[in-house]
Each structure stands twice: as structure tokens, then as C-alpha cells.
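Residues in the sequence shown are numbered consecutively from 6, following my numbering. For every residue, glycine included, the Cβ atom is placed at its ideal position computed from N, Cα and C.
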Amino acid sequence: MTHVLPKALKTIVHRHASVEARQFVLSLLQEEKQPLTVQEIYNLSQRKNAQTPDGTPLLPSMRYLKKFVLPELAEAGKLEKVHAKVTLTQDELKVLKERMGRPAYSAGGASSNLQLWRWQLKQAEPKEPEPVKQVFGKEVGVGADWSHLNKRRQRAREGKVKMDVEWLKELERARNEVINSSS
């Protein structure tokens, strides 16, 4: 007798996020166009009630989102975690104090300045073109690919290229001497 786990639990046992869950989180962040906290992402997913074809939720728990989906997307280079400092208004602070309860508030748990970690789509960094190094002797074959030749011919080509580079250096020295002597 074999025990079959529901599909939602299989991804937790295998410790990887489902493709559907990753795509769903990416689509949520694209729709919002602003960084979101883990709680905001999870609450949005619950409001949208996204499910797999067999009826299980795409994000079965907050732990699944935090421990599997978001880290995999970050490793793939699609998401990044950003730090934000938020100052709460008096109304927001009042609501937060009411939610916290008396013991947590009296211990100094509520402040008007919050520090949050939010997730956003990774911005494509513009790559600066790398300056092309000018190799001396490129016109005679320095830096060329000779892998199509057999080993004997590769060794012979290397020797010929070395001789040509030495000849080019002599030409360069002669040019410099002529330029220096004429000025």
C-alpha cells in the first residue's frame, strides 16, 4: 500500500517551489508595480484565491512562500529584497497599537518608524560595454582560434605567429625611430 501526498504537500517535502507558484508571485509583483512585503504578497494571493487544477491553493501557507518560493525567485535573479524605512501616520500608529495588545505596547513595541524588507522585481542593470583590448599582432594571428587544426599544425602556427609578431615589433621600432628622427 502506497501513501500518496496531496500535490501541495509534495512541493514542501521536496523543498522546492512549484512552477505555478513562482509564476503567480511574479505576476502579482508585476501587477502591483511596487515592492511588497511577504504578508502583502500572501494576502493578495488569498484574495485572488489562486488554485492549482486539482483545487489546492498555489500558496498553501506563508511559510511556503517565505521559505521556498521567494528564495528560489531571488536565486534565479528575478526578485530582490529591498529595505525600506516607513514612518507611520498617527492613525496607522493607533491601529497598530490596538492590534498589539497591552503587554506588547507597554514593552515599547510600537514606534512611528518601521523598517521593512520588501520584495520587488529585479531591475535590469544596464551593462556597460567592456572596452575591447587591442592585442598587438592581431593582424598576423595573435589571439585567433586554431582549435580546428591538428596538434602538429597548431604548434607550427604558434611558431610562425611568434616570428611574425617579432617582425611587427621591429617594424614598429623602425617607424618610431623615423618619427623621432624627423621631429
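Secondary structure of Lys138 (DSSP, three-state): coil.
Annotation: Asp96 to Lys38 spans about 25 angstroms, alpha carbon to alpha carbon.
DSSP places Glu133 outside both helix and strand once states are collapsed to three, so it counts as coil.
A distance below 6 angstroms between beta-carbons, with the five flanking residues on each side excluded, links Ala55 to the following residues of its chain, in chain order: Phe29 and Leu63.
Ranked by how close their Cα comes to the Cα of Asn118, the residues Glu36, Leu75, Leu126 and Lys90 have Lys90 in first place.
Residue state for Ala89 is assigned as strand, using DSSP reduced to three classes.
Annotation: the continuous alpha helix (DSSP H) that includes Arg158 extends over Lys156 to Ser187.
By the neighbour-count criterion, in which a residue is buried when 16 or more other Cβ atoms sit within 10 angstroms of its Cβ, Pro58 is exposed.
Between the alpha carbons of Pro131 and Gly60 lies a distance of about 42 angstroms. Excluding sequence positions up to five before and after Ala22, its CB lies within less than 6 angstroms of the CB of Phe73, Val74 and Glu77, all in the same chain and listed in chain order.
Leu70 is positioned such that its CB atom lies closer than 9 angstroms to that of Val43. In this structure, the CA atom of Lys127 is about 7 angstroms from the CA atom of Gly82. Leu41 and Asn48 have their C-alpha atoms some 11 angstroms from each other. Residue range Asn118 to Leu126 is occupied by the beta strand (DSSP E) that includes Gln125, with no alpha helix (DSSP H) assigned at that position.
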